[in-house]
Amino acid sequence: MNKERRIQQQSPVEAEIPLLPQEIMVEILSRLPVKSLCQFRCVSKQWLSLISDPLLAKSHLKKTVSNDSFYSQRKRVIISSHNLYSLEYESIGRSGRFDENLVALELDYPLKDKPNGLAELLDSARDGFLYCERSEEGNDEFPVMVKLNLPFCVNQRNWVDILGSCNGLVCIAPDEDTLFLFNPSTRESKRIPDPPSGFFPNGWSVYGFGYDFVNDDYKVVKVGCGTVCVYSLRTDSWRIVCSFPYVDNVSESGVLLNGTIHWMVSFEDGVDCRCVVAAFSLEEEVFSDMPAPDIVDTSFEFVVGVLNGCLCVLHSRNQMHNDFWVMTEYGVGESWTKLTLSLSYICMKPLCLAQNREALLDVDGKLLLYNLEDDSYRYLVVDGIPAGDGFEADTYLETLVSPNGFCRT
Numbered sequence: 022m023n024k025e026r027r028i029q030q031q032s033p034v035e036a037e038i039p040l041l042p043q044e045i046m047v048e049i050l051s052r053l054p055v056k057s058l059c060q061f062r063c064v065s066k067q068w069l070s071l072i073s074d075p076l077l078a079k080s081h082l083k084k085t086v087s088n089d090s091f092y093s094q095r096k097r098v099i100i101s102s103h104n105l106y107s108l109e110y111e112s113i114g115r116s117g118r119f120d121e122n123l124v125a126l127e128l129d130y131p132l133k134d135k136p137n138g139l140a141e142l143l144d145s146a147r148d149g150f151l152y153c154e155r156s157e158e159g160n161d162e163f164p165v166m167v168k169l170n171l172p173f174c175v176n177q178r179n180w181v182d183i184l185g186s187c188n189g190l191v192c193i194a195p196d197e198d199t200l201f202l203f204n205p206s207t208r209e210s211k212r213i214p215d216p217p218s219g220f221f222p223n224g225w226s227v228y229g230f231g232y233d234f235v236n237d238d239y240k241v242v243k244v245g246c247g248t249v250c251v252y253s254l255r256t257d258s259w260r261i262v263c264s265f266p267y268v269d270n271v272s273e274s275g276v277l278l279n280g281t282i283h284w285m286v287s288f289e290d291g292v293d294c295r296c297v298v299a300a301f302s303l304e305e306e307v308f309s310d311m312p313a314p315d316i317v318d319t320s321f322e323f324v325v326g327v328l329n330g331c332l333c334v335l336h337s338r339n340q341m342h343n344d345f346w347v348m349t350e351y352g353v354g355e356s357w358t359k360l361t362l363s364l365s366y367i368c369m370k371p372l373c374l375a376q377n378r379e380a381l382l383d384v385d386g387k388l389l390l391y392n393l394e395d396d397s398y399r400y401l402v403v404d405g406i407p408a409g410d411g412f413e414a415d416t417y418l419e420t421l422v423s424p425n426g427f428c429r430t
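Here's what the structure looks like:
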């Protein structure tokens with residue numbers, strides 16, 4: 022009898038949070054990595070409630086961006102190559118060895134396993150070939166059977182477009198015109214509703230994503246067919262805010278800096294056409310013009326980027342180039358500084374400064390570290406990513422920011 026009583030007394034009970042003031046608990050938990058906090062959610066309902074509280078997410082984010090050590094530990098590179106992968110920021114350039122490979126972690130994300138249409142084609146292949154009908158000279162009555170050699174190495178998974186990253190949320194398009202806000206650290210995601218059909222006719226469109234500090238809101242900006250539309254996470258809805266006051270020839274996602282999304286655009290000035298940096302304020306939802314470098318004109322294609330908190334202008338898609346420009350003082354046209362590289366590129370995207378202060382660059386679908394002081398560089402080998410597909414990359418922070426619970430804050 023006594024033995025049974027002892028067994029009952031020792032039966033497990035739900036773990037309780039120590040009786041500490043909430044601000045003390047938030048201060049403690051905000052110092053922990055996201056992976057640990059996600060595991061602690063399973064301890065009890067009380068722990069789940071506290072760790073899911075948007076107040077902790079904000080405190081954790083504030084601690085991350087204000088503390089260099091936390092910022093370095095929680096920064097990641099996200100890579101898209103018919104899949105999404107994550108790469109530790111601290112592992113890049115840390116050892117200085119040229120022969121050390123990096124290891125990418127494959128991510129789970131929405132619509133990951135949705136086929137891209139090639140699966141059905143591959144299923145219909147016979148003996149390694151596809152057979153289809155083709156009419157000659159518009160004669161549909163007597164079609165000709167054509168034998169196509171289809172490589173079976175073709176990836177059957179959709180390409181994932183990375184449209185922007187802010188405070189741990191990444192805006193992705195895992196399918197055509199299908200947008201999600203995705204937190205790679207917590208694996209939470211939210212499908213962004215499509216804009217009303219009357220907002221945009223079919224055709225060209227580009228996006229931008231960022232955080233409105235004043236209104237405490239995450240916003241997606243869509244530009245297309247002369248119209249600018251904004252999605253608010255707080256209201257979970259789209260609004261038409263203005264017309265696009267530039268030539269509709271933008272092809273890249275906007276770049277976020279200082280609460281503003283930037284595009285390189287053409288501006289019709291009477292009979293002339295000149296280039297400017299279009300700056301869309303997420304707070305005021307209006308455009309302003311920023312001067313481009315003097316040498317930039319409409320005879321080449323240019324895009325904007327960000328390196329070490331400075332706006333950049335880079336060549337894009339047109340011939341080989343070995344230079345780009347950095348705006349050392351934001352908004353001041355006279356501060357544009359030309360940098361000449363010891364390598365040439367067609368497309369280049371600055372990502373961040375690595376641990377050893379080398380610039381991490383996405384150059385024509387390859388990662389490399391570039392030393393801006395002595396102009397040396399080295400390509401990085403990343404294990405875990407299939408070779409030959411190319412990729413696009415961005416950076417993100419490991420945070421608790423939820424795309425689903427944000428509207429409750």
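Under our numbering, the letters of the sequence shown match residues 22 to 430, in that order. All C-beta atoms, glycine included, are put in the ideal place defined by N, C-alpha and C. Note that the structure is predicted; figures quoted are calculated from it, not measured.
**Prompt:** Contact check, L401 vs L388 under 8 Å by CB: the rounded distance?
**Reply:** The residue given as residue 401 occupies position 380 in the sequence shown. The residue given as residue 388 occupies position 367 in the sequence shown. Yes, they are in contact, since the Cβ atoms of L401 and L388 sit about 4 Å apart, within 8 Å.
**Prompt:** Which of the three DSSP states, helix, strand or coil, is assigned to Y110?
**Reply:** Numbered from 1 along the sequence shown, position 89 holds the residue referred to as residue 110. Y110 carries a coil assignment under DSSP once its states are collapsed to helix, strand and coil.
**Asked** Between V181 and the rest of its own chain, which residues show a CB-CB distance below 6 Å, the 5 nearest in sequence each way excluded?
**Response** Position 160 of the sequence shown, counted from the start, is the residue given in the question as residue 181. So the qualifying residues of the chain are S101, L105, I193, P195.
**Request:** Name the one or two DSSP bridge partners that C333 has.
**Result:** If you number the sequence shown from 1, residue 333 lands on position 312. According to DSSP, which records beta bridges pairwise, C333 is partnered with G326, V347.
**Request:** Would you mind working out which of T85, L58, D89 sits nearest D74, comparing C-alpha positions?
**Result:** Taking the first residue of the sequence shown as position 1, residue 74 is located at position 53. Nearest option by C-alpha distance: L58.
**Prompt:** How long is the line joining the alpha carbons of S70 and S80, rounded to whole angstroms?
**Reply:** Working through the sequence shown from its first residue, we reach residue 70 at position 49. Working through the sequence shown from its first residue, we reach residue 80 at position 59. Each residue's alpha carbon lies about 15 Å from the other.
**Message:** So, for S206: in the same chain, excluding its five sequence neighbours on each side, which residues have a beta-carbon less than 7 Å away from its beta-carbon?
**Reply:** As a first step, residue 206 must be located in the sequence shown, where it is residue number 185. Only V55, G189, E419, T420 meet the Cβ criterion.
**Prompt:** Of all the CB atoms in chain B, is at least one closer than 8 Å to the CB of Y398?
**Reply:** Here chain B cannot be found, since the structure has a single protein chain.
**Prompt:** Is the distance from the Cβ of V98 to the Cβ of L108 below 8 Å?
**Reply:** Here residue 98 is taken as the residue at index 77 of the sequence shown, counted from 1. Here residue 108 is taken as the residue at index 87 of the sequence shown, counted from 1. Against a cut-off of 8 Å, the Cβ pair of L108 and V98 comes out as a contact.
**Nonlocal neighbours in the same chain, by C-beta distance under 6 Å from T281, ignoring five residues either side** = As a position in the sequence shown, residue 281 is number 260, starting the count at 1. Counting only Cβ-Cβ distances below 6 Å, and skipping sequence neighbours, we find A300, S302.
**Message:** Below 8 Å on the Cβ atoms is my contact criterion, and I expect C294 with F230 to pass it. Report the Cβ-Cβ distance as a whole number of Å.
**Reply:** The residue you call residue 294 lines up with position 273 of the sequence shown. The residue you call residue 230 lines up with position 209 of the sequence shown. With a contact defined as Cβ atoms closer than 8 Å, C294 and F230 miss out at about 28 Å.
**Prompt:** Going straight from the alpha carbon of D120 to that of V403, what length do you get?
**Reply:** Numbered from 1 along the sequence shown, position 99 holds the residue referred to as residue 120. Numbered from 1 along the sequence shown, position 382 holds the residue referred to as residue 403. Caution applies to D120, whose pLDDT of 47 falls short of 50 and renders its modelled position unreliable; the value that the coordinates give is listed next. Taking the straight line from one Cα to the other gives about 11 Å.
**Request:** Would you mind sorting K84 into buried or exposed? The rule is 16 or more other CB atoms within 10 Å of its CB.
**Result:** Position 63 of the sequence shown holds residue 84. So K84 counts as buried.
**Request:** Taking all protein chains shown into account, decide if F345 is buried (16 or more other Cβ within 10 angstroms of its Cβ) or exposed.
**Result:** In the sequence shown, residue 345 corresponds to position 324, counting from 1. Buried.
**Request:** Return yes when the Cβ of C331 is within less than 8 Å of the Cβ of V325, no when it is not.
**Result:** As a position in the sequence shown, residue 325 is number 304, starting the count at 1. As a position in the sequence shown, residue 331 is number 310, starting the count at 1. Not closer than 8 Å, so no.
**Three-state secondary structure (DSSP) of D318** = For the purposes of this step, residue 318 is taken as the residue at position 297 of the sequence shown. When secondary structure is reduced to three states using DSSP, D318 falls in the coil class, being assigned neither helix nor strand.
**Request:** Give the straight-line distance between the Cα atoms of H18 and L132, rounded to the nearest whole angstrom.
**Result:** Because residue 18 is not part of the residues shown, which for the chain are 22 to 430, the question remains open.
**Proximity of N2 and L364 at Cβ, strictly below 8 Å** = The chain is shown from 22 up to 430; residue 2 falls before or after that span and cannot be answered.
**Message:** Can you list, in chain order, the residues of its chain with a C-beta nearer than 8 Å to that of P217? Leave out the 5 residues immediately preceding and following it.
**Reply:** Residue numbering aside, residue 217 sits at position 196 when the sequence shown is read from its first letter. So the qualifying residues of the chain are W259.
**Item:** Coarse secondary structure for T85, derived from DSSP in three states
**Value:** If you number the sequence shown from 1, residue 85 lands on position 64. Here T85 sits in helix by DSSP.
**Request:** My understanding is that M369 touches L335, with C-beta atoms under 8 Å, so please give their C-beta distance in whole angstroms.
**Result:** Counting from one through the sequence shown, the residue named residue 369 turns up at place 348. Counting from one through the sequence shown, the residue named residue 335 turns up at place 314. Indeed, because the Cβ distance is near 5 Å, the residues count as touching under 8 Å.
**7 Å Cβ shell around T358 - same chain, five flanking residues per side excluded** = Locating residue 358 in the sequence shown gives position 337, counting from the first residue. Excluding residues up to 5 positions away in sequence, W346, V347, T349 lie with their Cβ nearer than 7 Å to the Cβ of T358 in the same chain.
**Prompt:** Rounded C-beta distance between V268 and S287? I'm assuming under 8 Å.
**Reply:** As a working mapping, residue 268 is identified with position 247 in the sequence shown. As a working mapping, residue 287 is identified with position 266 in the sequence shown. The Cβ separation is near 4 Å, so the contact holds.
**Request:** Could you tell me which residues DSSP puts in a beta bridge with P217?
**Result:** For this step, residue 217 is matched to residue 196 along the sequence shown. According to DSSP, P217 bridges with nothing at all.
**Request:** Just confirm the distance between the C-beta atoms of C431 and V327, as a whole number of angstroms; I'd bet it's less than 8 Å.
**Result:** No statement about residue 431 is possible, as the shown extent of the chain runs from 22 to 430 and does not include it.
**Request:** Taking R255 and D238 to be in contact with their CB atoms under 8 Å, please state how far apart those CB atoms are, rounded to whole angstroms.
**Result:** What you label residue 255 is simply residue 234 of the sequence shown in a count that begins at 1. What you label residue 238 is simply residue 217 of the sequence shown in a count that begins at 1. That pair is a contact at about 4 Å.
**Prompt:** Does DSSP put W357 in a helix, in a strand, or in coil?
**Reply:** To locate residue 357, count along the sequence shown from 1; it is residue 336. Three-state DSSP puts W357 in a strand.
**Request:** Determine the burial state of G411: buried for a count of at least 16 other Cβ atoms within 10 Å of its Cβ, exposed for fewer.
**Result:** Position 390 of the sequence shown, counted from the first residue, corresponds to residue 411. G411 should be labelled exposed.
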